[in-house]
Each structure stands twice: as C-alpha cells, then as structure tokens.
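Only one structure is covered here, and it is reproduced in the block below.
There are 2 protein chains.
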Amino acid sequence: MVHKIIKLAVTDVRFPTSLEQHGSDAMHRDPDYSAAYVVISTDVGLRGYGLTFTVGRGTEIVVCAVEALAGLVVGKSLEEIISDFRGFYRLLTSDGQMRWIGPEKGVIHLATAAVLNAVWDLWARAEGKVGCGDPKQIVSCIDFRYITDALTEQEALVYITCVGCLFCPPEDQMLKEGYPAYTTSCAWMGYSDQQLKQLCTDALNNGWTKFKMKVGADLEDDIRRCRLIRQMIGPDNTLMIDANQRWDVGEAIAWVSRLAEFRPLWIEEPTSPDDILGHAAISKALAPLGIRVATGEQCHNRVMFKQFLQASALQFVQIDSCRLGSVNENLAVLLMAHKFQVPVCPHAGGVGLCELVQHLILFDYICVSADLNNRMCEYVDHLHEHFTSPAVIRNACYMPPKDPGYSSEMLESSVHTHQYPEGDVWKTLLNK
Amino acid sequence: MVHKIIKLAVTDVRFPTSLEQHGSDAMHRDPDYSAAYVVISTDVGLRGYGLTFTVGRGTEIVVCAVEALAGLVVGKSLEEIISDFRGFYRLLTSDGQMRWIGPEKGVIHLATAAVLNAVWDLWARAEGKVGCGDPKQIVSCIDFRYITDALTEQEALVYITCVGCLFCPPEDQMLKEGYPAYTTSCAWMGYSDQQLKQLCTDALNNGWTKFKMKVGADLEDDIRRCRLIRQMIGPDNTLMIDANQRWDVGEAIAWVSRLAEFRPLWIEEPTSPDDILGHAAISKALAPLGIRVATGEQCHNRVMFKQFLQASALQFVQIDSCRLGSVNENLAVLLMAHKFQVPVCPHAGGVGLCELVQHLILFDYICVSADLNNRMCEYVDHLHEHFTSPAVIRNACYMPPKDPGYSSEMLESSVHTHQYPEGDVWKTLLNK
C-alpha cells in the first residue's frame, strides 16, 4: 500500500507550568512547557504525530517554520520518503534558500525535528517495525555530510549489531526490567526546601536511586541545597547537578569545585552549549575531582556532537529527540558516541521528550552499545497524561512502549484545551 | 531629549535575484536576496532602520521572530537602552522562554540583529556620533558572557585606541583613500564563461585587484574556471575561492590542493560553519600550500568565533553585520580577532550588508587594528540603489559614509514594491 501524505497541520500547544515553577532552572526561570505539534495525514486515513519541545514564547516562530517546511512534505508518499530517507532529510535541511537561516540549528532545525518525528511515527505505524534486521536500511536514514572524518557509513554498518530494531518489541531483558532512569523532578530551582524534601522522600519510596538537581544561581544556596539532597538520598545513591549554561569557563571550574564534596557524578551544561573547547577545559579541570561533564540538550546538530567527542569535551552524551533532526540525526550521534566509547544518557522531561527518547535509548542498548554501565535516561514526571501512550516507569526504569508508533500522539482534548492563545486554559489565564 | 520607542514595524522584503543567478554558489543555487526590514519609531518623530539579510524562503520566519522580540523594545527609551546596552542585549538574547529556540543562533539571532541594527541606527541618528572618545562606552555594549576565557573587559578597554569612534567622520587617510575592498561580482557559480570574462574585464578597468570566485560544485569545472579567471586577472592580482560549505574535511583538503596551482589567498567556508576542529585540520593541511582558511558569514555567535580563534581554525575573520547580534557582538569579535592577531575581512554583499559592515571595518581600522595588511572588505555590486545612503566605492575602496546613521535605511518605494508577497514585483512574478 502507498501512503501519500495529503496534509500537514501544526499547532502551538502550551502548558502553563511556570505557575508552579516546574522546570525552573538558573537560565529558564519561568518555562511554560510547550510544543509545536505536527499531524500529517495520508490519503488512506493513517496519521503520523510529531512534535518539538519549546518553553513558551517563541513557539509561534517554530510553528511558522513548520509551515514553511510543509510544502516539502505534502504530496510525497511515505514509501518515496523511506526509499531515500537520507535524501529527504537533506531536502528539508539543505533547501537552497531556507538553509541560510540555519543551517541545521535553532528554529528551522527544531521545526525539521517536529516534521520528521511525525514521519517516523507514520512509518512505525504503517509497518509496525522499522529497520528490522537490516542495518543498511537504518544507516540509509543518516546524512553523513560533515561527519565522515569521525564516522563513515561503513563503520556505522559494523556498529549496528542488528539483534533488534527501531520501533520493534525489544528483547526479554528490557521487557522484564526496563531501561534505567534518573529523576529530575525533585529539585527544580524554584522549589522550596520543604518541597524538595518531600519529593525526595516520595522518590526514594518509589525506588529511585539517581537524582539530578539544578544549580548555578547562587553558590551558597547551591551548597545548602546539595547538602540537603545528599542527606536525603544518602551516600550511595547517585547525584547529578545541572547548571543550564550559567557560567563562563573559569567560573564553572571554580563553582563546581566548591560542590565536589557532595560527589556529583556529573556537572551538566556548565557553560554555553556552543563552547566545545570550553567544555574540554572544564572536563580536564574537574577530572581530578571525579566530576565528569554532561551536555547535549542544546547541542544543535551532529557536527557539534562530533567535535564534543573529538575534543573529549563531554563524558556523557545527552541526545535530545527534538533538538536534533529527529531519529535520523540521533542515529548518527548514537553511533559516533559508540565509536568514541562515551555513554549516551538522553535528555528528557519537557513535554513528550520522555515518550520519544525512550525509543532511541532502547535502540542504543539493544542494537549498538549492549551496555548499561554509567547509562541512564532522564525522567521528569510531568504532562505524560496528555499522551495517548504515555511513558511507563516501573522501579525507576522506563518500560518498553508497546503501542505502535513513536509515542508522540497527544490527546485531542489536551491539544484543543492548550492551544495558544485560543484554547480554554489560555483564554482563562490571559483574561485574568 | 528622551527618545521613547513607540512602534516597531517589520517587513518581508525580497528581490528576485535568482532570475539572473546573481548570488548563486555551490549550496545556494537560487537565492532571492531578501531582508527582514525593521523600522522603529520614537515619540519625537525620529526613526531607526535595521535589517537582517536572508535569501528568500524563510524570511517570513525571521519576520515572525522580530515580532516576538518587539515587545521587549517598544516602550523603552533610547537613553534607557544605551545607559545599559549590555543589559538590553542580554534581555533580547536571554529571554527565559525564547532563548530555548536559540540561544544566540539561527532565526532568533538573525531577528535580534535586525532589531539591534535599528537601535544602533537610531542612536547614531540621534547623536550624530556614538561612543566617541570613550572606549568605556563602547565596551559597555559588549556582552562578555562565555568569552572571558579569551577576552576580558579590561583587555578590551586597552585594545580600543580611541582615535575615532563608531558612526563618526573618520580620519584623513580613510576620507582620502577609503578602505580596500575585493569583488565577488565577477564569478558567481551560475555565470557563463563569457559573462565571467566580461565582468573581469570591466572590474580590472575599474581598478579592482582582488577577486573572489565560487567553487565546489564540480572539480574539473573549478579547475577550468580558476584557470580562466587567473588568466584574466594576471599573476599579481589576488584570487580567493569560496566553497560555501560544500565539502567534508578530507574532501576539502583534497579538492583545494588540486586548485593550489592557481594560488588562491584563501579558501572560504570549506566545510560546515559549525566545524571548528574541521577548519583547524583544513588550515593545518593547506598551510604548506600557502592557502589560508577564511570563514564567518555563518558563524553564529561570539562563542563560535572565540573557538575558531583559539583553535587556529581560520586565518581571516569574516564578520557579518546581520548574522551576529548587531554591532554589540561584532565589537566582541573584532576585539578577540585583534588579540589573536587575525585580520578581519568582513562578509558583505547580499542586500544591505555592504552598507552596514563598512562602519564596522572602519571602526576596526581606526580604533583597533590600525593595520591594512591582508585586510579587505567584500563588495558585491547589487541592490545598492534601494538604499537612501548606498555604499560608495572609489578605486576599489569603500569611501567612508557621510550621512548620519548606520546606512541601513531603504527607499520607501523599494520596500513597498518588493514586499513579499503583496508588492508589485512579486504580484507580477507570482501571477506569471
């Protein structure tokens, strides 16, 4: 059967999370978790759902960019796309006029992710499984432009062990135990100590052993909060800290050194997400303290990740299902990380990121790395109720998704109510 | 007098340059030179004009981003802005919600440039001169976040010699002789050999001695065209070549090595504009052949330029008046380039880029570098007729602009006719 794409619709969906300081950090004090939400429809009635995550204002710009890309998608068939997915990826990312406003970065790349996420969802729904048993098909989705000095197509083929596939029921171990997760839900910047303590207690009761907290606004405050959380979780559980790009290079080294006594596994986003050499300097300075560097949620494409790996600038690769150009570009980064032997620990949370990225990390484990050492996927306990197939956590592990697709479909009622600015939620808030 | 900004208007202005292949290169085959054009109005009737350059489709996305930023500008007074220009720059670039879709890159940063260019124009018109005699005021416009490991505020103060100022009549030598330029108008990718020969002949007759040509689509074709242009311009004139990001790292080295016999001064944009380490590898490999590496027109912010300089990844810094966050961020890059002793050779052409960047390169010469060795500013002979104060070239040099402001005001009639899609030019073309 041929699935011809006849329509692409995009909606600005926002959740007023800033009202309760969910998601607040040193650089994003008042995020309203949002999405540019894409639905593509085919002539035979099948639909694909995709999104990119945003944090409020500016979502309308990404929506505008999705509309600009729509003309490159509508009229194509799914079969035509997947028969040359690399070519289709490049069609979106290298349009002779639109690449000027990127290329492959910022708004236009976030929009590309939303569109391609919908295409992958459509593919997975149409076939039930994707790339199964055929590393060649998986590799044919990757655009190797600008990364062949680090990873060639031939190497990529060798790295995919092909014991599973994308969007396929995974192997027994994962079905039984799930993929290990860590929680960021306990210690947002804007939470009170009381709230933090209660959330840690609850999380410990639910089996969580790995916790991330936000730092970077005030050093004395960080010391106090690190001490508090370390007391709550005890000496054996894992603590990670996240500065969300708050510091310059020298400042990062000095500040994090002061927090070394609390033994964080990693410092995340210590400085500008663009500063590869800065991250390398920070990695080098903090290594003797046993603190490693993690980054990636705002690393804008495979060329940047390539250099982070080449420069030993990170020790944990935090892929993002929406910042990079969908599954296509994430596959490139997973495989480069494998080559450089750096563990992948995806960024998640926001809205929909957990739902999407769980597929990628399962693929990474089953088909590429076969390793759980120092690997875990972020989890944040927000907004899952708006999805038709929400991520499922059991004993602090992601349980493999069972429904067909990329888990990216939102409830129609949720989309309707949270449309910005015309949905009921926003009508009420804006008229206050 | 206080100048309160009461309105910001933005227009999608496009010129159908693709019809005649002006501006065509290996990655942008059919550019329609365009701009998101901003006009800010004050309560006392003074206006400021700014723009960012684009190449057609996607301009509407930048326009949408300018509209999103407008709320941060309207209601402020010019005096309030310049009393803390660093803070205002950061207000635009670090909005707690909008920074997610950048930060400081792609669409949102291009929009920031358009808005801030209009603010600088307003300032220059209001005062006639800007920063005159006061390095402290100039340095107070720079956001040093993320670059203090390469340049501190104290160093910046020392580097500004303060014999002139931004937007001020320059010193005698420049008034008499102008700032040296090179031309890119002779050898766009889509031009025929006949056209190329004629344009070279004309340019030589007009005193041009430095020529840039586009390469990267086909090696044999490049060899033929390089030979042709070298024959036309003779052995003593300067040739530069520009690949517009066409190659991977290894490919760039191999390809450019084949063109070494034509003695290009530089290879411009050999690979991804994000690939700092790639450019460093290319620089190292081509140095023995006497070919240097130039890049910058798509280098998206000061953090990237910092690393290009730190890694010895370029030998010519090609600042862009619209890709970076206006004068503010360009000042940071000029001063870092001075510290690393790398010459600045701005990117220009497009629409309005020559008009704007001439101010920056004059400032660089008069107040920072005091050096013309290996320095020149790009010039392209297109679309100047749409500006109220077009750039003036004499004997292949930019003659200092004399009218007050940032030379960024377009003719009202040009804006009106070229509005996309409702202007007469587009109505006619789209109805064909």
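Protein chains in written order, with this note's numbering: chain H, 22 to 453; chain A, 22 to 453.
Each residue gets a CB set at the ideal place from its N, CA and C atoms; glycine is no exception.
- When secondary structure is reduced to three states using DSSP, H:Pro156 falls in the helix class.
- The beta carbons of A:Glu399 and A:Pro367 sit about 6 Å from each other, so the pair counts as a contact at 8 Å.
- In this structure H:Ile387 is not in contact with A:Gly127, their Cβ atoms being roughly 34 Å apart against a cut-off of 8 Å.
- Note that the region 189-198 of chain A does not touch the region 430-444 of chain A; fewer than 3 beta-carbon pairs, one per stretch, sit closer than 8 Å.
- Chain order gives the chain A residues near H:Tyr167 as Asp269, Thr292, Ser293 and Asp296, where near means a beta carbon separation below 7 Å.
- CA-to-CA, the gap between H:Ser213 and H:Leu249 works out to about 12 Å.
- Only residues of its own chain outside the window of five on either side were considered, and among them Arg323, Phe326, Val338, Ile340 and Leu345 have a CB closer than 7 Å to the CB of H:Val354, listed in chain order.
- Note on geometry: alpha-carbon atoms of H:Leu335 and A:Ala171 lie some 21 Å from one another.
- Residue environment: A:Pro124 is assigned as buried (16 or more neighbouring CB atoms within 10 Å of its CB, all protein chains considered).
- For A:Ile181 against A:Ile159, the beta-carbon gap comes to about 6 Å, under 8 Å, which counts as contact.
- For A:Gly108, the secondary structure class from DSSP, reduced to helix, strand or coil, is helix.
- For A:Ile288, the pairing in a beta bridge is given by DSSP as A:Ile262 and A:Val314.
- The contact set of A:Ala332 on chain H, defined by CB atoms closer than 8 Å, consists of Leu298 in chain order.
- Under the 8 Å criterion on CB atoms, A:Cys85 is classed as interfacial with respect to chain H.
- A:Ser62 carries a strand assignment under DSSP once its states are collapsed to helix, strand and coil.
- Secondary structure note for A:Glu125: it is in no beta strand (DSSP E), with a DSSP letter that is neither H nor E.
- Leaving aside the five residues that flank H:Cys153 on each side, the residues in its chain whose CB is nearer than 7 Å to its CB run, in chain order, Cys186 and Cys189.
- For A:Gln118, the chain H residues whose C-beta falls within less than 9 Å of its own C-beta are Ser39, His49, Asp51, Pro52, Asp53, Ser55, Thr75, Val76, Gly77, Arg78, Gly79 and Thr80, listed in chain order.
- Distance from the CA atom of H:Pro52 to the CA atom of H:Asn395, rounded to whole angstroms, is 29 Å.
- Counted as a single uninterrupted DSSP element, the beta strand (DSSP E) harbouring H:Arg415 occupies residues Val413 to Arg415.
- H:Ile129 belongs to the set of residues whose beta carbon lies under 8 Å from a beta carbon in chain A.
- A straight line joining the alpha-carbon of A:Glu376 with that of H:Pro285 spans about 52 Å.
- Counting C-beta pairs with one atom in each stretch, the region 28-42 of chain A and the region 252-260 of chain A have fewer than three that are closer than 8 Å, which means they do not touch.
- One alpha carbon belongs to H:His300, the other to H:Gly271, and they sit about 11 Å apart.
- If you check each beta-carbon in the region 325-353 of chain H against every beta-carbon of chain A, the ones closer than 7 Å belong to Met325, Gln328, Gln331 and Ala332.
- Proximity of chain H to A:Ile122 at the Cβ level (cut-off 7 Å) is accounted for by Thr75, Gly79, Ile82, Val83, Gly127, Val128 and Leu131, in chain order.
- Taking every protein chain shown into account, the CB of H:Glu318 has 16 or more other CB atoms within 10 angstroms, so this residue is buried.
- A contact between stretches requires three or more CB pairs, one per stretch, nearer than 8 Å, and the region 107-126 of chain A fails this requirement with the region 98-118 of chain H.
- Sixteen is the threshold: when 16 or more other Cβ atoms of the shown chains lie within 10 Å of the Cβ of A:Gly199, as they do, the residue is buried.
- Separation of A:Lys235 and A:Tyr203 (C-alpha to C-alpha, rounded to the nearest whole angstrom) is 14 Å.
- Looking at the DSSP output, H:Ile26 shares a beta bridge with H:Thr63.
- Per DSSP, the continuous alpha helix (DSSP H) segment holding A:Cys221 begins and ends at Asp214 to Asn226.
- Taking the Cα of H:Pro425 as reference, the smallest distance to any Cα among H:Asn351, H:His43, H:Arg146 and H:Val372 is reached at H:Arg146.
- Assigned with DSSP and collapsed to three states, H:Gly211 falls in coil, not helix or strand.
- Looking from the CA of A:Ile288, the closest CA among A:Lys233, A:Arg251 and A:Arg68 belongs to A:Lys233.
- The straight-line gap separating the alpha-carbon atoms of H:Gly44 and H:Phe74 is approximately 13 Å.
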